[in-house]
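Residue numbers (this note's numbering), protein chains in the order written: chain A, 1 to 328; chain B, 1001 to 1328. See structure below.
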């Protein structure tokens, strides 16, 4: 399962190798982009599988970015009550984040990823060579999730990104292989201890409370996912500073790494009301206190379960007004 | 989640009790019958849940027969990646079979239950009092699955059905409670040892290889599920006898119990070709040998993985031609 854009870049080579190993390999194409991650595409995938005479012992191979991984994985989770699948992610974001952990889903009119499942891939096959064809902004977007992994789980990964930023941005294969491996390892360790997100797994949502709300409030048109998470981390750093939950030198260091990666689209002009409504409607929202992830130290994360909503709302008002400049 | 037919019979009382315990309990109605177990109904359920502001901590209560349990359970398996649900089955078949074991699914144009999941209910709440409103044929249909449970796992349950048949058919509460408890226990024990049907769970499919094919070949219009399974068991008994896999006294005893329960709709006139095509297209079918369940003794089941297809096809030809009369 792939799309024509990915297939045009890397499909022939991959398919040739697959056919040599497995014989006939039927290809199902889906549309390119988040708006195709819906139930129409899903039923198109099922139909394609029936046409190809797939049965319970068939495998799905998801070849593409996060959208393809999510919907192909969900098809694998539900076709004949679950068949095996392999993720072959082709974006940095998918290699370090969405391909790991078994969260698969489709979007519905009420929101993103609101219908889905937990279904672990049998294998994740990340070839960093394919990343060299990524647009710069797409690469940076994935790198913010690498920084998030470092922030919550590995100070040494953060240090590596600081020191090797130009090699990463110029797609030096060894450097990319290192950050993909480390980020995947950190995420896989967290997921292995809490697959269904009963508690620990929430630390992977560092920067995502505000990040998701920014995406929703701008109808997913303004920010790439990683960019929204980058802004969400900057907000979490600022809010954490206000609450005295993060040291000022560490706050400055983390914000510095994020800002050095690339120039983020501005958050100026975003309505606080829209942002706040999106935030409280998130499926992670718990009435009463809001859950947020904070960093007692870089590389170590804690979940706060009872963040005062009015406190956070006030902070976000100032944050948006100052366009994210909070003086550190 | 229920339908208007079930709700009219038992809804007020149940809802009153639920509201006393939980406050507001939104009700989602779906159509009555297998043809509503599709993705249109599924998305109607999701929409109803969003309208009711359901979130990850919400529960689904499936109140009805197997169709409601299957689709409501599948909605629970996939809504926000899985929420908890309770089965409150209102048919004997659902109480002894479909509510136990976590198999949930919808139908697609290509076949029944071909999109689904494994998602265990938090509770199964079987009230045998509701069974007294069942049509006779529906009650008998469930009883065939009880006989199947006895045949594969408990000779004493078979004996109980033999001895208490008239009390069962007149819905004596204590008698029904015994067979529901025993059948559920047998199924739950098998599922606990092999949830995903890698091997052992297949013994629950005793009588289902031919049973499913009969349902498909008659477009689900002629037989109730239990009736098709009853014919499937009679076929398995006959075929098992031919292969010398079942003692003749035990074959006669099991066939006798099945025939005493009720008069089955005739299998005369069913096309062998249609029956055979349905059988080999079943998702349980494995190319090469066919898997079937046989009984070395009543109460004990074995899976044969390499039944010769041409042998089985010949047997079925004679079976259909003789309208299921095989001389024992």
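Even glycine gets a Cβ: it sits at the ideal position worked out from N, Cα and C.
*Kindly list the residues whose CB is nearer than 8 Å to the CB of residue 1298(B), restricted to its own chain and excluding five residues on each side of it in sequence; keep chain order.*
Here residue 1298(B) is taken as the residue at index 298 of the second chain, counted from 1. The residues are 1150, 1151, 1155, 1158, 1250, 1253 and 1254.
*Classify residue 323(A) as buried or exposed, calling it buried when 16 or more other Cβ atoms lie within 10 Å of its own Cβ.*
Walking along the first chain from the start, residue 323(A) turns up at place 323. Result: exposed.
*Kindly indicate which three-state DSSP category residue 194(A) falls into: helix, strand or coil?*
The residue labelled residue 194(A) in the question sits at position 194 within the first chain. Of the three classes helix, strand and coil, the one that applies to residue 194(A) here is coil, per DSSP.
*Looking at the unbroken beta strand (DSSP E) that takes in residue 1085(B), where does it start and where does it end?*
Translated into the one-based positions of the second chain, residue 1085(B) becomes position 85. Looking at the DSSP string, the run of the beta strand (DSSP E) that includes residue 1085(B) is 1084–1089.
*Give the range of the beta strand (DSSP E) segment to which residue 1049(B) is assigned.*
Along the second chain, read from residue 1 onward, the residue named residue 1049(B) stands at position 49. Run containing residue 1049(B): none in the beta strand (DSSP E); it sits in the alpha helix (DSSP H), 1039–1051.
*Give a yes or no on whether the C-beta atoms belonging to residue 1183(B) and residue 1124(B) are separated by under 8 Å.*
Here residue 1183(B) corresponds to residue number 183 of the second chain, with the count starting at 1. Here residue 1124(B) corresponds to residue number 124 of the second chain, with the count starting at 1. Contact: no.
*Ordered along the chain, which non-local residues of its own chain (more than five positions away) have a Cβ less than 6 Å from that of residue 209(A)?*
Counting from one through the first chain, the residue named residue 209(A) turns up at place 209. For residue 209(A), where only same-chain residues beyond five positions count, the Cβ hits under 6 Å are 292.
*Between the segment 73–94 of chain A and chain B, which residues of the former have CB atoms less than 8 Å from a CB of the latter, in chain order?*
Here the close residues are 77, 78, 79, 80, 81 and 82.
*At a Cβ cut of 7 Å, what residues of the segment 1107–1120 of chain B count as close to chain A, listed as they run along the chain?*
1108, 1110, 1114, 1115, 1116, 1117 and 1118
_Endpoints, alpha helix (DSSP H) assigned at residue 1311(B)_ = Residue mapping note: residue 1311(B) aligns to position 311 of the second chain, counting from 1. From DSSP, the alpha helix (DSSP H) with residue 1311(B) extends over 1309–1321.
*Determine the chain A residues that contact residue 1105(B) at a beta-carbon separation under 7 Å, and present them in chain order.*
Position 105 of the second chain, counted from the first residue, corresponds to residue 1105(B). Taking a Cβ-Cβ threshold of 7 Å, the residues of chain A close to residue 1105(B) are 81, in chain order.
*From which residue to which residue does the beta strand (DSSP E) around residue 1292(B) run?*
Against the second chain, residue 1292(B) aligns to sequence position 292. It spans 1290–1297 - the beta strand (DSSP E) in which residue 1292(B) sits, taken as one unbroken run.
_Cross-chain neighbours of residue 46(A) in chain B, by beta carbon under 7 Å_ = Position 46 of the first chain, counting from 1, holds the residue named residue 46(A). Residue 46(A) reaches chain B at 1108 and 1115, counting residues in chain order whose Cβ is nearer than 7 Å.
_Run through chain A and tell me which residues come within less than 8 Å of residue 1039(B), C-beta to C-beta._
For the purposes of this step, residue 1039(B) is taken as the residue at position 39 of the second chain. The contacting residues are 39 and 43.
*Just curious, the beta strand (DSSP E) that residue 1115(B) is in, first and last residue?*
Position 115 of the second chain holds residue 1115(B). Segment 1111–1118, the beta strand (DSSP E) holding residue 1115(B).
*Find the nearest neighbour of residue 232(A) within the set 147(A), 275(A), 224(A) and 207(A), judged by alpha-carbon distance.*
As a first step, residue 232(A) must be located in the first chain, where it is residue number 232. Nearest option by C-alpha distance: 207(A).
*What whole-angstrom Cβ distance do residue 1261(B) and residue 1144(B) have, given they're in contact under 8 Å?*
Within the second chain, the letter at position 261 stands for residue 1261(B). Within the second chain, the letter at position 144 stands for residue 1144(B). Right, their Cβ atoms sit about 7 Å apart.
_If you measure between the beta carbons of residue 78(A) and residue 1117(B), is that distance less than 8 Å?_
Position 78 of the first chain holds residue 78(A). Position 117 of the second chain holds residue 1117(B). Contact: yes.
*Taking only beta carbons into account, state which residues of the segment 1214–1243 of chain B come closer than 8 Å to chain A, listed in chain order.*
none
_Taking the beta carbon of residue 189(A) as the centre, do at least 16 other beta carbons fall within 10 Å, making it buried, or is it exposed?_
Against the first chain, residue 189(A) aligns to sequence position 189. Answer is exposed; the Cβ neighbour count stays below 16.
*asked:* Bridge partners for residue 64(A) per DSSP, in chain order?
replied: As a working note, residue 64(A) is residue 64 in the first chain. DSSP output for residue 64(A) lists 89(A) as bridge partner(s).
*asked:* So the candidates are 1094(B), 1102(B), 1093(B) and 1091(B); which of them puts its Cα closest to the Cα of residue 1084(B)?
replied: Sequence index remark: in the second chain, residue 1084(B) carries index 84 (1-based). It is 1102(B).
*Using a Cβ cut-off of 8 Å, which residues of the segment 8–29 of chain A contact any Cβ in chain B, in chain order?*
Across the segment 8–29 of chain A, no CB contact with chain B closer than 8 Å is found for any residue.
*Taking only beta-carbon atoms, is residue 1315(B) less than 8 Å away from chain A?*
Taking the first residue of the second chain as position 1, residue 1315(B) is located at position 315. By this cut-off, residue 1315(B) is not an interface position.
*Among 1110(B), 1112(B) and 1059(B), which one has its Cα closest to the Cα of residue 1088(B)?*
Counting from 1 along the second chain, the entry for residue 1088(B) is found at position 88. Of 1110(B), 1112(B) and 1059(B), the residue nearest in Cα terms is 1059(B).
*Helix, strand or coil: which one does DSSP assign to residue 1301(B)?*
Within the second chain, residue 1301(B) is the residue found at index 301, counting from 1. The answer is strand: DSSP assigns residue 1301(B) an E or B state.
*Members of the segment 49–73 of chain A near chain B, C-beta cut-off 7 Å*: 50, 55 and 56
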